[in-house]
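Asker: Using the working numbering, read the sequence shown as starting at 12 and increasing by one per residue.
Think of the CB as a built atom: it goes at the ideal place given N, C-alpha and C, for glycine as much as any other residue.
Input: one structure, supplied below.
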Amino acid sequence: MITYDYNGPWGRTVGHASPISQQLATLEEYHKRGAPRAKLLMSVPFFARTWRLADPHKQEIGDSASGGGTKGPYTQTEGQLSYNELCVMIKNNPSAFSLVRDPKEHAVHAIYTHGSSVEWISFEDTKTLASKAKNITEDGYGGMVVYTLSNEDVHGVCGTKY
Numbered sequence: 012m013i014t015y016d017y018n019g020p021w022g023r024t025v026g027h028a029s030p031i032s033q034q035l036a037t038l039e040e041y042h043k044r045g046a047p048r049a050k051l052l053m054s055v056p057f058f059a060r061t062w063r064l065a066d067p068h069k070q071e072i073g074d075s076a077s078g079g080g081t082k083g084p085y086t087q088t089e090g091q092l093s094y095n096e097l098c099v100m101i102k103n104n105p106s107a108f109s110l111v112r113d114p115k116e117h118a119v120h121a122i123y124t125h126g127s128s129v130e131w132i133s134f135e136d137t138k139t140l141a142s143k144a145k146n147i148t149e150d151g152y153g154g155m156v157v158y159t160l161s162n163e164d165v166h167g168v169c170g171t172k173y
């Protein structure tokens, strides 16, 4: 089985929470061991993983983190934000965020600068989800499953009400 090389979701180096290359490699490993592709699902998070950068000027995948990012007002968990927490943060202070797309990994992350702190935030959006869904279905996999919907933007504060 393939393992993520970012020292875990709260590890000391930053990286995408669900890079497609590693997800596909894991699905393919299950297929090689006998699981039919049509019965394998890719799992993607509907929350953000966050890291406080050790050096605010080093913002690339694999760069060092000094710990998890700021706790959200609802989840109260260092290193994780729910979608509704992240979208409200971006909506309330868009100039503090720089979005970076990684087309190779079908991923997006944000660099969040506040005060003297800089955070690296990995999350999914409609573009990354659509790209991953297209890719896995074209490869013959069964589809995609998401986790968790418990902190979704149910009131449509940040766009379409889901």
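Excluding sequence positions up to five away, which residues of its chain have a Cβ less than 7 Å from the Cβ of threonine 88?
Answerer: Lys82
Asker: Report all residues from its chain with a CB closer than 8 Å to the CB of histidine 42; omit the five preceding and five following residues, and keep chain order.
Answerer: Only Arg48, Leu51 meet the Cβ criterion.
Asker: What are the start and end residues of the alpha helix (DSSP H) that includes valine 99?
Answerer: 94-103
Asker: Does DSSP put aspartate 16 in a helix, in a strand, or in coil?
Answerer: Reliability fails at aspartate 16, whose pLDDT of 40 lies under 50, so the model's placement of it is uncertain and the value that follows must be treated cautiously. Coil, per DSSP.
Asker: Let me make sure I understand the geometry here. Which of Val99, Asp164, Phe57 has the alpha-carbon closest to that of phenylalanine 108?
Answerer: Val99
Asker: Identify the continuous beta strand (DSSP E) that holds alanine 192 and give its terminal residues.
Answerer: Because the chain spans 12 through 173 in this model, residue 192 falls outside it and cannot be assessed.
Asker: Based on the DSSP secondary-structure assignment, which residues constitute the bridge partners of phenylalanine 134?
Answerer: Val119
Asker: Spatial neighbours of isoleucine 38 within its chain, please: C-beta separation below 7 Å, excluding the five flanking residues on both sides.
Answerer: The sequence given here places leucine at residue 38; isoleucine does not occur at that position. Within the same chain, leucine 38 has close Cβ partners Leu51, Met53, Tyr152.
Asker: Going by beta-carbon coordinates alone, are proline 56 and threonine 159 separated by less than 9 Å?
Answerer: yes
Asker: Taking the CB atoms as reference points, tell me whether glycine 80 and glycine 90 lie closer together than 9 Å.
Answerer: yes
Asker: Taking glutamate 96 as the reference, give the member of Val168, Lys172, His117 with the closest Cα.
Answerer: Val168
Asker: Let me make sure I understand the geometry here. Which of Thr137, Lys143, Lys145, Pro105 has the alpha-carbon closest to that of isoleucine 122?
Answerer: Pro105
Asker: What's the gap between the Cα of glutamate 40 and the Cα of isoleucine 147?
Answerer: 14 Å
Asker: State the DSSP-derived secondary structure class of tyrosine 152, mapped to helix, strand or coil.
Answerer: coil
Asker: Distance check for glutamate 163 and glutamate 130, CA to CA, integer angstroms please.
Answerer: 22 Å
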